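**Q**
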Amino acid sequence: AIEWHTKAQEHGIIGSRIQLARLYSRQHEPKESQKWYLIAADDGDAEAQFILYEQYKKTVSDKTLAIADKWLKSAAENGFPPAEYVYGEQLFKKNKTTEAKIWLLKAKEHGSTAADAVLGTIYFKDKQYRDAYPLLDSADTATAKYQLGKMFEHGLGIKANNYSAYVLYKEAYRLGLKDAKKDMARVDKLKTEREKAHYEAAKRREGDKQKELVERCVEKITNRNIRTAGETVYLHGLIELPLENADGFLLNTEDGRKFFVLGADRADAKQFQHVDITAKSTGKSLTVSGDNDSKVTIFQLSFQKNCQR
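With the working numbering applied, the sequence shown corresponds to residues 141 to 449, in that order.
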């Protein structure tokens, strides 16, 4: 595989540079791997730039941390959704809320579901509760659950419901926000059976809505329809593993951007992988090297529409 990708990049196949970096990394040749990541990054490969950011940020040196920040900003400016999210989150932590919102909105637009939680928090703090609600509702973080609990407890932009607040505080506590325990205890004394009935009815309606979406968004992806040109398929879940055998896919979106497949060794991969869309298969595929020089088939699809609620 190394020999093939070396020849490929010599003939102008730019994507082979980052593949060489990965292959050398798997062979425990960090210097050679770093060389190819730098070549790819210098040539504008946004994913390579983000990988370099992740490598440099692990150090404690001010010099290398500055290099990490440089690559992160470059990756974000080149439209890599994970970088847009991380860069926006960093700006938010520095209280640069206006700038942070710009980058987080870009990340969300390009498929980063992780941006929802931070954007929701920004709107929550600005008391823009109607804008905050759908973002916090789609986020699976302790802070998002806690802020939703506050909204339900006090009727901030939504109808007050102490039972819903109790469930959300409980979930925030389960996700690690220990301070939510006292909030659980407080609303536990206030919740009513009527509020519980309203909560359960809302959950049933949500379940029916999701079921209708699945039915409306055609059939799920299979080993058959992904290989057949012109088939419309429903993609729901992590784009890294759309098929049982861990085959991947390359998805071309309406504006020419692509969904990026992240490595399974990335701790934050799930934040950037979730899709709920329909796409049309082209019937085209490419076999590339995977871990341990195994072969992985990448199928090409074209975006059709979002199926999110």
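The beta carbon of each residue, even a glycine, is placed where N, CA and C say it ideally should be.
Just so you know, these numbers come straight off a predicted model, no measurement behind them.
What does DSSP give as the partner residue(s) for Lys420 in the beta ladder?
**A** Taking the sequence shown and counting its residues from 1, one reaches residue 420 at position 280. BP columns for Lys420 point to Thr372, Ser442.
**Q** Measure the alpha-carbon distance for Val258 versus Glu229 and round it to whole angstroms.
**A** The residue given as residue 258 occupies position 118 in the sequence shown. The residue given as residue 229 occupies position 89 in the sequence shown. Answer to the nearest angstrom: the Cα atoms are 7 Å apart.
**Q** Who are Ser425's beta bridge partners in DSSP?
**A** The residue given as residue 425 occupies position 285 in the sequence shown. BP columns for Ser425 point to Phe439.
**Q** Distance, Cα to Cα, His338 vs Asn302?
**A** The residue given as residue 338 occupies position 198 in the sequence shown. The residue given as residue 302 occupies position 162 in the sequence shown. Each residue's alpha carbon lies about 11 Å from the other.
**Q** Can you list, in chain order, the residues of its chain with a C-beta nearer than 6 Å to that of Ser173? Leave out the 5 residues immediately preceding and following it.
**A** The residue given as residue 173 occupies position 33 in the sequence shown. Taken in chain order, the residues that qualify are Ala161, Tyr164, Ser165.
**Q** Cβ of Thr288 within 8 Å of Cβ of Asp277?
**A** Position 148 of the sequence shown, counted from the first residue, corresponds to residue 288. Position 137 of the sequence shown, counted from the first residue, corresponds to residue 277. Note that residue 288 is Leu in the sequence shown here, rather than Thr. In this structure, Asp277 lies closer than 8 Å to Leu288 by Cβ.
**Q** Does the Cβ-Cβ distance between Ser442 and Lys420 come in under 8 Å?
**A** Here residue 442 corresponds to residue number 302 of the sequence shown, with the count starting at 1. Here residue 420 corresponds to residue number 280 of the sequence shown, with the count starting at 1. Yes, Cβ-Cβ distance for Ser442 and Lys420 is below 8 Å.
**Q** Can you tell which of Asp271, Glu249, Glu355 has its C-alpha closest to the C-alpha of Tyr374?
**A** Numbered from 1 along the sequence shown, position 234 holds the residue referred to as residue 374. Of the candidates Asp271, Glu249, Glu355, the one whose C-alpha sits nearest the C-alpha of Tyr374 is Glu355.
**Q** Does DSSP classify Asp277 as helix, strand or coil?
**A** To locate residue 277, count along the sequence shown from 1; it is residue 137. Of the three classes helix, strand and coil, the one that applies to Asp277 here is helix, per DSSP.
**Q** Determine the direct distance from the alpha carbon of Trp144 to that of Gly155, and round the result to whole angstroms.
**A** Mapped onto the sequence shown, residue 155 falls at position 15. Mapped onto the sequence shown, residue 144 falls at position 4. Approximately 12 Å, taken between the alpha carbons.
**Q** Would Arg157 be called buried (16 or more neighbouring beta carbons within 10 Å of its own) or exposed?
**A** Position 17 of the sequence shown, counted from the start, is the residue given in the question as residue 157. So Arg157 ends up on the buried side.
**Q** Taking 8 Å as the threshold, find out whether the stretch 216-231 comes into contact with the stretch 243-258 through three or more Cβ pairs.
**A** At 8 Å Cβ cutoff, the stretches touch.
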